[in-house]
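Asker: Can you read through this structure? Questions will come right after.
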Amino acid sequence: MTTPVLEIRNLHARIEEREILKGVNLVIPQGEVHAIMGRNGSGKSTLSYVLAGKEDYEVTEGEILLNGVSILEMEPDERAAAGLFLAFQYPIEIPGVATMTFLKAAINAQRKARGEGELSTPDFMRAVKEAGAQLNVDSEMLKRPLNVGFSGGEKKRAEIMQMALLKPSLAVLDETDSGLDIDALQVVSKGVNALRDGKRSMLVITHYQRLLNHIVPDVVHVFSDGRIVESGDKDLALQLEAKGYADYDGQAA
Amino acid sequence: MADYDIPTLKEEIDRETVEQVLALDVDKYKYGFESDIESDVLPPGLTEETVRFISAKKEEPEWMLEWRLDAFRRFQTLEEPTWAKLHYPKIDLQEVSFYAAPKSFKGPKSLADVDPELLKTYEKLGIPLKEQAILAGVEGAAESVGTPFGANVAVDAVFDSVSVVTTFREELAKVGIIFCSISEAVREHPELVKKYLGSVVPVSDNYYATLNSAVFTDGSFVYIPKGVRCPMELSTYFRINEKKTGQFERTLIIADDDSYVSYLEGCTAPSRDENQLHAAVVELVALDNAEIKYSTVQNWYPGDKDGKGGIYNFVTKRGDCRGVNSHISWTQVETGSAITWKYPSCILRGDGSRGEFYSIAISNGYQQVDSGTKMIHLGKNTSSRIISKGIAAGFSDNTYRGQVSAHAKAKNARNFTQCDSLLIGDKCGAHTVPYIESRNGTAVFEHEATTSKISDDQMFYCLQRGLNEEEAVALIVNGFVRDVLQHLPMEFMVETQKLISISLEGSVG
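Top line first, the protein sequences correspond to chains D and Y. So the first sequence is numbered by my numbering: it starts at -4 and just counts up by one. So the second sequence is numbered by my numbering: it starts at 124 and just counts up by one.
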């Protein structure tokens, strides 16, 4: 069996004194798309931050393996270079830094960390043009400072564009559908689906089923009170949509 | 730029990263080398004899000596100002040597007379002084030397107290431009010097300017004749090498009617434990419809990680928009010096004249910066624009101090000021002290100010995309200063971006 892209074993994490993740177990094989659904406050976003290495969270127990290698001791930038990408629920503004400049800095920083040479400008421009066309990101938008004054849809498109350019082995999409109208949702989903190539794996975090109509998952997990309480195929999402999360309340206690 | 690409060098570091620095084992200030050159150094101390000695060394005419002695007499009545937000032990001028010159330097400037060690120093600094480049006068020849300035730049190099060499002079002379050391101008062009020296910054303008007037040793002189657009960037490179010397240079630039010049200034000094004094005066005069663009990249030694050593930089820079529709623009990138006290200003005397000040001031370690500008609106329909970006990191203090005033006759004066401060870490300070005075109902002054921090969320976002902490800070800071960066000449822009990264290394723990 090939090594799974992501393997989480009995992960416990806390912020300050409060334990948020209480024993998460999850395996995502190569090429699969898994969805995590759960109520607000169930710890879904915390899981994404802990995977990416945000320093406010402390892992107290467990293990995270990315392509078979533990990433717990790695800095966020090292995790990124190792192939982990997080599409933020609320992308951060970087004033004065043109989106294009940021893309180039990110790509070259990761290449440098992996001991590869800088991408040549023509190669970079070609890649940007290609990814931009897919996501309706034009050159005008690329000149604007990253996320500054972007609409909700523009922010999410810029996130997926970065994902397309950085080519991660694991993409974590945190509430990528939030703040999107139906047209924007389709553009973003199309962009995400274009990256499903049988090798890349994804973890899609959402509390609405509607995103999963567009990005159809291989496996759906239900998240409640800091752990996965049920897993199933895509129909599980439909059941959740119909019945809500009430059945899972208290189950984790 | 092969010899130049040493971005591992840095000046000062937060306490948290001291270990990192110790592991690196070298002083990180990249210009911190000392050149082994024999020098004539005047023993420390300041008396009337010192002034006479300097004047005699420069073979100055009597009127110049009198001018200096007048300044010296006035200086003795002045007190060191204390209004700036700067803290440093009182400077004992009797401990300072007021004159140092490379020994091998004498008389007329031909490169053959210049000490090869000195040429090596300038080569290390990336200054295009290579003989063949200058003798051949071929554009682009200097490029092969490897220079942060690019090829098409004429350079006046000042080493301690004397101007060592000025390049491209003959090229410039063809269009009537005078570009030489101020000492030479005093001897060769007394009529221009007499007319303009001290006409913008009066002899007793302030404590440091008065001191400079008495003991200034060298500097650059530029005269652009009527209707001439200077075909290349002019540049002065200042270097302090001797121990315990002060550097007191004097620069005078005159742009006659309908002329244009762009001027660049760069500075470095070796790393030393003692503090060294630098008190320069720069005077700009723009006549009718003339334009002067003056850009500075100040990278004097800032002191070590504990705040020991470093240059005390007390500079008076002022431009006089004397003619109608004249235009003076100051752009400064201040990353060096332990103490910076500097307010490049514009007197908007001519009707329709325009003044601009674009500033990036970065302080890290224990550096202290008190800098800003004055825009004095005297003429009708004058306008000014101030964009100041202060970045404070480490334990530093960074103050913007500015004055905008409109005289009763300055009808329709306009000013726009934007002061932004960025804090990195929680042990530094940023302060904004604007003075705004209008004696005129038609004046419109706008002032905007912001203070922000690099947020943890911004850092995390950049790190998640693969940038390391230093790359992330450099990227965010470069974004913060973008409005100012684009006003720098191309020659300085790339260098400045690198300098910003180097100055802020170690600012995140």
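All C-beta atoms in this analysis are idealised placements derived from N, C-alpha and C, irrespective of residue type, glycine included.
Would you report the Cα separation of Y:Val384 and Y:Val174, rounded to the nearest angstrom?
Answerer: 32 Å
Asker: In three-state terms, what does DSSP make of Y:Leu598?
Answerer: Here Y:Leu598 sits in helix by DSSP.
Asker: Between D:Leu27 and chain Y, is the shortest Cβ-Cβ distance under 8 Å, so that the two count as touching?
Answerer: First, the amino acid is wrong: residue 27 of chain D is Glu here, not Leu. So, not an interface residue.
Asker: If distances are taken between C-alpha atoms only, which option among D:Ser184, D:Gln157, D:Thr94 comes closest to D:Gly249?
Answerer: Since the first and last residues shown for chain D are -4 and 248, residue 249 of chain D lies out of range.
Asker: Do Y:Asn436 and Y:Ile462 have their beta-carbon atoms positioned less than 8 Å apart in this structure?
Answerer: Yes, the Cβ-Cβ distance between Y:Ile462 and Y:Asn436 is below 8 Å.
Asker: The region 72 to 87 of chain D: which residues have C-beta closer than 9 Å to a C-beta of chain Y, in chain order?
Answerer: Asp72, Glu73, Arg74, Ala75, Ala76, Leu79, Phe80, Leu81, Phe83, Tyr85, Pro86, Ile87
Asker: Quick one: give me the first and last residue of the alpha helix (DSSP H) that Y:Gln668 is part of.
Answerer: Residue 668 of chain Y is absent from the model: chain Y starts at 124 and stops at 632.
Asker: Kindly indicate if chain D contains any beta-carbon less than 8 Å away from that of Y:Ile599.
Answerer: With a threshold of 8 Å between beta carbons, Y:Ile599 makes contact with chain D.
Asker: Could you work out which residue in Y:Ser460, Y:Ser322, Y:Ala409 is closest to Y:Lys431 when comparing CA atoms only?
Answerer: Y:Ser460
Asker: Ignore the nearest five residues each way along the sequence and tell me which others in Y:Val456's own chain have a CB closer than 6 Å to its CB.
Answerer: Here Y:Val456 has Val420, Ile483, Thr619 as same chain residues with Cβ atoms under 6 Å from its own Cβ, once five neighbours each way along the sequence are excluded.
Asker: Figure out for me which residue from Y:Val323, Y:Lys440, Y:Leu357, Y:Asn329 has the closest Cα to the Cα of Y:Ala296.
Answerer: Y:Leu357
Asker: Between the C-alpha atoms of Y:Val309 and Y:Tyr319, what's the straight-line distance to the nearest angstrom?
Answerer: 11 Å
Asker: Can you check the region 323 to 350 of chain Y for any alpha helix (DSSP H) of at least 4 residues that lies completely inside it and give the ranges in chain order?
Answerer: 330 to 338
Asker: When you compare the CB positions of Y:Arg588 and D:Ala76, do they come within less than 8 Å of one another, or not?
Answerer: With respect to the 8 Å criterion, Y:Arg588 and D:Ala76 are not classified as neighbours on the basis of their beta carbons.
Asker: In the region 164 to 229 of chain Y, which residue ranges form an unbroken alpha helix (DSSP H) of at least 4 residues, counting only runs that do not cross its ends?
Answerer: 171 to 180, 185 to 198
Asker: Could you check what DSSP says for D:Tyr243 in three-state terms: helix, strand or coil?
Answerer: Helix, per DSSP.
Asker: If D:Ile223 sits next to Y:Gly602, beta carbons under 8 Å apart, how far is it from one beta carbon to the other, in whole angstroms?
Answerer: 40 Å between Cβ atoms; not a contact.
Asker: Contact criterion: CB-CB distance below 8 Å. Does Y:Leu546 meet it with respect to chain D?
Answerer: no
Asker: At a CB-CB cut-off below 9 Å, which residues of chain D make contact with Y:Tyr481?
Answerer: Ordered by position in chain D, no residue passes the 9 Å Cβ test against Y:Tyr481, which lies about 14 Å from the chain.
Asker: Answer yes or no: does any C-beta atom of chain Y fall closer than 8 Å to that of D:Ala153?
Answerer: By this cut-off, D:Ala153 is not an interface position.
Asker: If you reduce the DSSP assignment to three classes, tell me which class Y:Glu293 lands in.
Answerer: helix
Asker: Take Y:Val556 as the anchor and find which of Y:Ser544, Y:Gly548, Y:Ala566, Y:Asn563 has the nearest alpha-carbon.
Answerer: Y:Ser544
Asker: Looking only at its own chain, which residues have a Cβ that is under 6 Å from the Cβ of Y:His610, when we skip the five neighbours before and after it?
Answerer: Thr454, Tyr481
Asker: With a cut-off of 8 Å on the beta carbons, I'd call Y:Arg441 and Y:Ser327 a contact; round off their distance for me.
Answerer: Not really, about 14 Å apart at Cβ, beyond 8 Å.
Asker: Which residues in chain D sit within 7 Å of Y:Glu293, going by Cβ to Cβ distance?
Answerer: Ordered by position in chain D, no residue passes the 7 Å Cβ test against Y:Glu293, which lies about 39 Å from the chain.
Asker: Applying the criterion that 16 or more other CB atoms from any shown protein chain within 10 Å of the CB defines a buried residue, is Y:Trp190 buried or exposed?
Answerer: buried
Asker: Give the DSSP bridge partners of Y:Glu314, in chain order.
Answerer: In DSSP, Y:Glu314 forms no bridge with anything.
Asker: Could you name the residues of chain Y that D:Ile15 contacts, counting a contact when the two beta carbons are closer than 9 Å?
Answerer: Taking a Cβ-Cβ cut-off of 9 Å, D:Ile15 has no neighbours in chain Y, whose nearest Cβ is about 17 Å from it.
Asker: Output needed for D:Gly221: all residues of its chain with C-beta closer than 6 Å, excluding positions within five of it in sequence on either side, in chain order.
Answerer: Ile15, Leu16, Lys17, Gly38
Asker: Roughly how many angstroms separate the alpha carbons of D:His29 and D:Arg9, rounded to a whole number?
Answerer: 24 Å
Asker: Could you check the C-alpha separation between D:Lys194 and D:Ala159 for me, to the nearest Å?
Answerer: 14 Å
Asker: Please state whether DSSP places D:Asn188 in a helix, a strand or coil.
Answerer: helix
Asker: Nearest CA to the CA of D:His209: which residue from D:Val199, D:Val217, D:Phe218, D:His216?
Answerer: Nearest option by C-alpha distance: D:Val199.
Asker: Using a C-beta to C-beta distance shorter than 9 Å, which residues of chain D count as neighbours of Y:Gly513?
Answerer: Here the premise fails: no neighbours, minimum Cβ distance about 15 Å.
Asker: Which class does D:Ser43 belong to by DSSP, given the choice of helix, strand or coil?
Answerer: helix
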